[in-house]
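There are 2 protein chains.
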Amino acid sequence: MINLTMKLNLINSISVLLLLVTLIRCDRDNNQNQQSESDSPNEAIFPKGELGPATNFTGKAYNFGLVANDSVYNTLVGNVYFEKSARSNWHLHPSGQILIVLNGEGYHQLEGQPRQTMKKGEVIKVPANTRHWHGATENNSLTQMYILPKTENGFVIWMEPVTDVQYKSNN
Amino acid sequence: MINLTMKLNLINSISVLLLLVTLIRCDRDNNQNQQSESDSPNEAIFPKGELGPATNFTGKAYNFGLVANDSVYNTLVGNVYFEKSARSNWHLHPSGQILIVLNGEGYHQLEGQPRQTMKKGEVIKVPANTRHWHGATENNSLTQMYILPKTENGFVIWMEPVTDVQYKSNN
């Protein structure tokens, strides 16, 4: 019986050893996955940037400039990270604006038209001299590039905040 | 002794059960990580697009148009996914070009200047009417947005392929 007890003990020890090895490997694999995830989120393409002023935004929106204006390209490019529920004031661009959603989900609205939802990968053309606003949805942040063409006509004219009623209205 | 054998068997069974539960949880966690990874890679912001013609590219480069040209914005925007070692021919843009690296690593070179490495998040301004090429490095793919401003002057003039010697020369 000592022999049997020893055998059972051996099997038991091997099982516990396998369990430990599996736990260690599992933890290592998960850590590696987390590492490669932290390399790949779209937010991480550009630095977060500078907090936009409360005079132009409701909630927290951060701007990171990508291409400064000059007389060669006459094109201004940047990236805005909107926290959940953050949005711009109403504003317009003398030559319009191109929005490209890099991550998350947002809203945008041209005055007089219904609010639209926009998602990762979508492109929005905002017409020239048209009052509009854009921002994150209530439940998602938004990472959004913008392109201002023909900057010889100007950049942006800021106006009043988007009210909570306007922000939440989906028709 | 039967009692002892039963106890040891019970401990053994519990160990094996714990091992199985751990394995299943580990596999599930890894699958979840892989799921969220496949949601977040920067390549996935836009569809892969259409294979560029062999007359203009060495290796495989895929173009996905984001903003078609029109007379309102006079701006052409798109995304190119270069496989490892793929690159454009030499070419020029009458109004220059803005490159924005969304993922991976690439090379670009203005004629007469050293080849430059470009990485995720970097912005390159290519001057007007300047012969240049761009593409992925030997070991990394490249996901790269391009902006062509002032398209009233034209889009692109394609020229001869970049030779292997030119591609590999880092000075």
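One line per chain: the protein sequences are A and B, in this order.
Quick note on my numbering: the first sequence kicks off at 1 and runs consecutively.
Quick note on my numbering: the second sequence kicks off at 172 and runs consecutively.
The beta carbon of each residue, even a glycine, is placed where N, CA and C say it ideally should be.
Computed from a prediction, not measured in an experiment: that's the story for all the values here.
inquiry  = Assuming contact is defined by CB atoms lying nearer than 7 Å, are GLY275 of chain B and ASN310 of chain B in contact in what I supplied?
reply    = Cβ distance not < 7 Å, so GLY275 of chain B and ASN310 of chain B don't count as in contact.
query = In chain order, which continuous runs of the alpha helix (DSSP H) of length 4 or greater are located wholly inside the region 237 to 265 of chain B?
reply = Those alpha helix (DSSP H) runs which fall completely within the region 237 to 265 of chain B and span 4+ residues do not exist here.
query = So with Cβ pairs under 7 Å, would you call ILE124 of chain A a contact of chain B?
reply = So no, ILE124 of chain A is outside the interface.
query = Identify the residues that DSSP records as bridge partners of ALA215 of chain B: which are they?
reply = Its beta-bridge partners do not exist; DSSP assigns none.
ask   = What separation, rounded to the nearest whole angstrom, lies between the Cα atoms of PHE46 of chain A and GLN113 of chain A?
value = Straight-line Cα distance between these residues: approximately 32 Å.
inquiry  = Measuring CB atoms only, is the region 153 to 166 of chain A touching the region 47 to 58 of chain A, in the sense that at least three cross pairs come out at less than 8 Å?
reply    = With three or more CB-CB distances shorter than 8 Å, the region 153 to 166 of chain A counts as touching the region 47 to 58 of chain A.
request  = For ASN170 of chain A, count neighbouring Cβ atoms within 10 angstroms of its own Cβ and tell me buried if that reaches 16, exposed if not.
outcome  = Around the Cβ of ASN170 of chain A, a 10 Å sphere holds fewer than 16 other Cβ atoms; the residue is exposed.
Pick from A:LYS84, A:TRP133, A:VAL77 that is closest to PRO149 of chain A, judged by C-alpha positions = Of A:LYS84, A:TRP133, A:VAL77, the smallest CA-CA separation from PRO149 of chain A is found for A:VAL77.
request  = Using the Cα positions of GLY52 of chain A and GLU221 of chain B, report the straight-line distance between them to the nearest angstrom.
outcome  = Straight-line spacing of the CA atoms in GLY52 of chain A and GLU221 of chain B works out to 38 Å.
query = Would you say LYS125 of chain A and ILE98 of chain A are within 7 Å of each other, going by their C-beta atoms?
reply = Yes, they are a contact pair.
First and last residue of the uninterrupted alpha helix (DSSP H) at LYS339 of chain B = Element bounds for LYS339 of chain B: 335 to 339.
request  = Leaving aside the five residues before and after ASN245 of chain B along the sequence, list all residues of the same chain whose C-beta is less than 8 Å from its C-beta, in chain order.
outcome  = If we look at ASN245 of chain B and ignore the five residues flanking it on each side, its Cβ neighbours are PRO320, LYS321, THR322, GLU323.
request  = Sort out for me which residues DSSP pairs LYS296 of chain B with in a bridge.
outcome  = For LYS296 of chain B, which the question treats as bridged, DSSP gives the partners B:ILE269.
query = So, does the CB of THR75 of chain A fall closer than 7 Å to a CB anywhere in chain B?
reply = By this cut-off, THR75 of chain A is an interface position.
task = Closer than 7 Å by beta-carbon distance: list the chain B residues that pair up with LEU142 of chain A, in chain order.
result = Within chain B, no residue comes near LEU142 of chain A; the closest Cβ sits about 13 Å away, beyond 7 Å.
inquiry  = Looking at chain A, is there any beta carbon in it that lies within less than 7 Å of the beta carbon of LEU237 of chain B?
reply    = It does: the Cβ of LEU237 of chain B has a partner Cβ on chain A nearer than 7 Å.
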